[in-house]
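Asks: Once you know that position 229 of the sequence shown is 228 in numbering that gives the first Met the number 0, the rest is easy, because the numbers rise by one and skip nothing.
Cβ atoms here follow ideal geometry from the backbone N, Cα and C, with glycine treated the same way.
Pasting a structure here, questions to come.
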Amino acid sequence: MTWQWPAHGKVSVLSFADKSGTILPTALCFQYAKYQVVKYHHVPCSPLTAHRLSIMRKKILVLDLDETLIHSHHDGVIRPMVKPGTPSDFTIKVVIDRHPVRFSVHARPHVDYFLSVVSQWFDLVVFTASMEVYGTHVADKLDNGRGILNRRYFRQHCTMDYGGYTKDLSAIHQDLSSIFILDNSPGAYRKFPQNAIPIPSWFSDPSDTCLLNLLPFLDALRFTSDVRSILSRNQQSFNQVW
């Protein structure tokens with residue numbers, strides 16, 4: 000796929016074209032999308048919209064790690080979701096309960112590009128139910144020295160609820176109109192369904208495009224004054240799309 004993104008102050012319009020450059024009708028786009036070139040055409044904002052965007056405070060996008068941005072497994076554990084012999088994108092070594100553990104980490108397709116784009120639109124926060132000693136290393140690798148994943152919350156910041164870990168978004172930012180989470184686990188945002196974007200769990204599919212598919216929606220979301228006004232009406236739509 001080919002992706003072209005606008006500079007700051009531009010609005011993106013998504014279209015599909017075949018290899019000859021012919022624009023496909025909308026009805027055909029859904030059927031053939033994964034086989035076509037995807038381009039973003041730059042449409043300048045009106046002066047009023049550009050001004051509004053320039054004075055709006057960046058919203059906060061909270062990102063889960065495991066099965067949302069990456070999948071990992073440690074030595075000695077056979078994961079049927081990962082084909083044997085599949086090379087990891089990186090490995091991390093940590094000490095848990097005084098025992099050294101090595102994790103093989105697989106990055107979701109397009110995660111690096113996804114992060115580079117959304118970091119221009121939002122303030123990014125990592126919130127994982129994993130242990131800090133593990134989550135820190137993973138976040139460092141994904142950040143790759145760019146300084147875009149500096150705010151991080153871990154298992155100790157979660158709340159136990161119905162036997163699982165939930166994530167309190169109000170502990171990150173009290174104004175819930177400008178914060179939302181991307182997470183594969185509905186239980187994690189049980190108390191904040193109007194501030195959540197669900198995403199299918201990812202384990203090893205190299206053809207996955209979920210992160211790319213979200214970019215047009217996220218691009219538009221930064222213009223709204225209250226993310227809940229959009230996300231509260233789109234939960235059913237997300238379920239149908241995924």
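If you count every other CB in all the chains shown that lies within 10 Å of the CB of H267, and 16 or more means buried, which is it?
Replies: What is shown of the chain runs 0 to 241, which leaves residue 267 out entirely.
Asks: Which residues bound the alpha helix (DSSP H) around S97?
Replies: According to the sequence displayed, residue 97 carries Arg and not Ser. Per DSSP, R97 belongs to no alpha helix (DSSP H) and is neither H nor E.
Asks: Quickly, what does DSSP pair Y164 with across the bridge? List them, please.
Replies: Bridge partners of Y164: M159.
Asks: What residues are listed by DSSP as bridge partners for A195?
Replies: I180
Asks: Buried or exposed: R232, going by 16 or more other Cβ atoms within 10 Å of its Cβ?
Replies: exposed
Asks: Contact check, H109 vs L210 under 8 Å by CB: the rounded distance?
Replies: 5 Å
Asks: As a quick exercise: from L220, V137, R56, P192, pick the residue whose alpha carbon is nearest that of S87.
Replies: V137
Asks: Among the candidates T165, H70, L175, whose CA atom is the shortest distance from the CA of Y152?
Replies: Residue nearest to Y152 within the set T165, H70, L175 is T165 (criterion: CA-CA distance).
Asks: Could you check how far apart the C-beta atoms of V248 and L217 are, in whole angstroms? I think they sit under 8 Å.
Replies: Nothing about residue 248 can be read from this structure; the chain reaches only from 0 to 241.
Asks: Since L64 sits in a beta bridge, which residues does DSSP pair it with?
Replies: In the DSSP secondary-structure assignment, L64 is not bridged to any residue.
Asks: Looking at C-alpha atoms only, which residue of N212, D111, I95, E131 is the closest neighbour of H73?
Replies: I95
Asks: How would you write the range of the alpha helix (DSSP H) that G152 sits in, first residue to last?
Replies: Note that residue 152 is Tyr in the sequence shown, not Gly. Not the alpha helix (DSSP H): Y152 falls in the beta strand (DSSP E), residues 150–152.
Asks: Just how far apart, CA to CA, sit G84 and T90?
Replies: 14 Å
Asks: Since I believe L141 is in contact with L68 (beta carbons under 8 Å), could you give me their beta-carbon distance rounded to a whole number of angstroms?
Replies: 7 Å
Asks: I'd like the ranges of any alpha helix (DSSP H) spanning at least 4 consecutive residues and lying wholly in the segment 97–152.
Replies: 110–120, 131–142
Asks: On the DSSP letters alone, give me the boundaries of the alpha helix (DSSP H) that S53 sits inside.
Replies: That run of the alpha helix (DSSP H) goes 46–54.
Asks: Is the separation between the beta-carbon of I171 and that of I59 shorter than 8 Å?
Replies: yes
Asks: Out of L148, D122, T48, S177, state which residue places its alpha-carbon closest to the alpha-carbon of Y134.
Replies: According to the sequence displayed, residue 134 carries Gly and not Tyr. Of the listed residues, the one whose Cα sits closest to G134 is L148.
Asks: Starting from I229, trace the alpha helix (DSSP H) in both directions and tell me its first and last residue.
Replies: For I229, the enclosing alpha helix (DSSP H) stretches over residues 227–230.
Asks: Compare the C-alpha of P244 against each of P205, W201, D167, T208 and name the closest.
Replies: Coverage of the chain is limited to positions 0 through 241, which leaves residue 244 absent and any answer about it impossible.
Asks: Please name the residue, chosen from P215, D182, W120, Q155, that lies closest to E131 on a Cα-to-Cα basis.
Replies: Q155
Asks: With H, G and I counted as helix, E and B as strand and the rest as coil, what does DSSP make of Q169?
Replies: Per the sequence shown, residue 169 should be read as Ser rather than Gln. Three-state result, S169: helix.
Asks: What distance in whole Å lies between the Cβ atoms of D65 and S129, which are believed to be in contact at a cut-off of 8 Å?
Replies: 6 Å
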